[in-house]
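Okay, so the sequence shown: first residue is 1308 according to this note's numbering, each after it adds one.
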Amino acid sequence: MSEVSHPALPVAAVIGGGPAGLMAAEALAQAGLAVEVFDAMPSVGRKFLLAGVGGMNITHSEPYPAFAARYAERQGEVDGLLRDFDANALRQWIHALGIATFVGSSGRVFPTDMKAAPLLRAWLKRLRESGVVIHNRHRWLGWSEDGALRIAYPQGERLVRPAVVVLALGGGSWARLGSDGRWQATLADRAVDISPLRPSNCGFEVAGWSAVLTDKFAGAPVKNIALSVPGSTPRKGEFILTAQGVEGSLVYAWSAQVRTAIEQRGSGVLVLDLLPDKPVDKIAQALARPRGSRSMAKHLQGQLGLNGVKAALLRELTDPATFADPPSLARAIKALPITLVRTRPLDEAISSAGGVRFESLDEGLMIKHMPGVFCAGEMLDWEAPTGGYLLTACFASGLRAGRAAAAWVGRRGKTPG
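If you want it as structure tokens, here you go:
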């Protein structure tokens, strides 16, 4: 294999063209470095664009303490990144690209046109104007024996010898868009401490729904309900009943806790409140009214408006004795346990948990025993719910890695060429 020559070798190489990688590239270019971005896909930002289908939720407007708490076990590490680039800073950055934003009724922040493509186009234009060179269909293969980056591209393989590298290769979900997790083996071979990638913001499977339920209601939304895990405060919203189990935004909000329970005990539980705005005593009173010759199903519909998929779930998840006893049935309506036995596959998940552990990185996100190699984005060991938290941390980590990489080059007096 021969080394492909350039008029000038890049001072900084960024591997991965998602939000974290592009933010790192911007920070490096702002520091005056020549930057080349290598991405395996035909175009950059593919997962970013797909995430914007139906409405580009870029960040969230909730107060900072609550925002930072969304990162759970890694709150301390992510908080340090967000202090440099929080939700407000992200909105200002978007506005500087000429894209207006607004806060929705849920507190989520969106571009005014709700689309990701105009934002990405404006950003790429600014990056190219700053001198950033983007190479598509260029897949990173690791390092050669003498430390050069091995890059596969349509004409073969090339070696690149930058002064500094930022890896922003994504997690392991939606592999068709580029984040396929192949980097794990490459970094593990270099003794980088990696937590295995697992599904996050994902659907779950039950041991098995009845054919009656799936034939009629698989794919149906379950609306105006609340979900919780045992011992937690319920959250209102909706989810989707699937042929295998459950999925949807309200399920994703509890995915970390349910996944952990499955890993530790073999199963996890979501507690379903079918009537979150009605107290259990009022439900019991309604059910205690005479129903005459009507079936319990008709009684539920007439007294409580429970029908369709909600009534089907109630029947599915209660035994005959409970279903026939009004006080017991009232309690079940308010706390119906759904036992979940496994996550859906990683590639179906919105995001992934796990990745390069912060303990193996310094404050600038450089791998401690690999000087000049920085990591950013979803390949780091953190997770967050949907709602703009994922993207915000990706942007913030990319900015931190890019700035730190530029400073590292500066301290060593590296120059282009």
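Here a beta-carbon is modelled for each residue, glycine too, at the ideal position from N, C-alpha and C.
If you draw a straight line from the alpha carbon of residue i to that of residue j, how long is it in whole angstroms?
| i | j | result |
| --- | --- | --- |
| V1473 | R1435 | 18 Å |
| G1662 | A1495 | 11 Å |
| A1475 | K1641 | 44 Å |
| E1690 | Q1564 | 12 Å |
| S1602 | L1534 | 28 Å |
| N1614 | M1330 | 49 Å |
| P1370 | A1459 | 44 Å |
| P1326 | R1468 | 24 Å |
| T1629 | D1580 | 16 Å |
| G1488 | Q1592 | 54 Å |
| R1651 | V1513 | 10 Å |
| Q1337 | G1552 | 48 Å |
| E1655 | T1693 | 15 Å |
| H1367 | A1711 | 26 Å |
| L1621 | F1524 | 13 Å |
| A1714 | A1708 | 10 Å |
| A1358 | G1538 | 32 Å |
| W1430 | R1505 | 31 Å |
| S1659 | H1442 | 26 Å |
| D1584 | I1532 | 9 Å |
Exposed or buried, what is residue i when buried is set at 16 or more other beta-carbons lying within 10 Å of its beta-carbon?
| i | result |
| --- | --- |
| Y1293 | This structure cannot speak to residue 1293, because the chain is shown only from 1308 to 1724. |
| P1633 | buried |
| S1462 | The sequence given here has Gln at residue 1462, not Ser. Classification for Q1462: exposed. |
| V1318 | buried |
| A1395 | For the record, residue 1395 in the displayed sequence is Asn; it is not Ala. With fewer than 16 Cβ atoms within 10 Å of its Cβ, N1395 is classed as exposed. |
| H1676 | exposed |
| F1681 | buried |
| V1471 | buried |
| K1530 | exposed |
| Q1491 | buried |
| F1409 | exposed |
| L1697 | buried |
| L1647 | buried |
| E1343 | buried |
| H1402 | exposed |
| E1380 | exposed |
| T1419 | exposed |
From the DSSP output, which residues share a beta bridge with residue i?
| i | result |
| --- | --- |
| W1450 | L1456 |
| V1513 | Looking at the DSSP assignment, V1513 forms no beta bridge with any residue, so it has no partner. |
| M1673 | F1681 |
| A1660 | R1505 |
| A1319 | V1342, V1471 |
| D1580 | A1533 |
| L1668 | I1674 |
In this structure, how does DSSP classify residue i when only helix, strand and coil are distinguished?
| i | result |
| --- | --- |
| G1575 | strand |
| V1519 | helix |
| I1640 | helix |
| S1412 | coil |
| I1645 | strand |
| G1599 | coil |
| F1392 | coil |
| R1465 | strand |
| V1616 | helix |
| I1441 | strand |
| D1654 | helix |
| L1397 | helix |
| P1418 | strand |
| L1611 | helix |
| L1476 | coil |
| A1708 | helix |
| L1624 | coil |
| L1431 | helix |
| L1594 | helix |
| S1486 | coil |
| P1586 | coil |
| G1325 | coil |
| D1500 | coil |
| L1404 | coil |
Legend entry - Completely contained beta strand (DSSP E) runs for the segment 1678 to 1703, where each covers 3 or more residues: Counting only runs of 3 or more, we get 1680 to 1682.
Inset, instruction - Just list the beta strand (DSSP E) runs in the segment 1522 to 1577, keeping only unbroken ones of 3 residues or longer that don't cross its boundaries, in chain order. - result: The qualifying runs are 1528 to 1535, 1542 to 1548, 1552 to 1554.
Inset, instruction - Let me know the beta strand (DSSP E) ranges lying completely inside the segment 1332 to 1370, each 3 residues or longer, listed in chain order. - result: Runs of the beta strand (DSSP E) inside the segment 1332 to 1370: 1342 to 1345.
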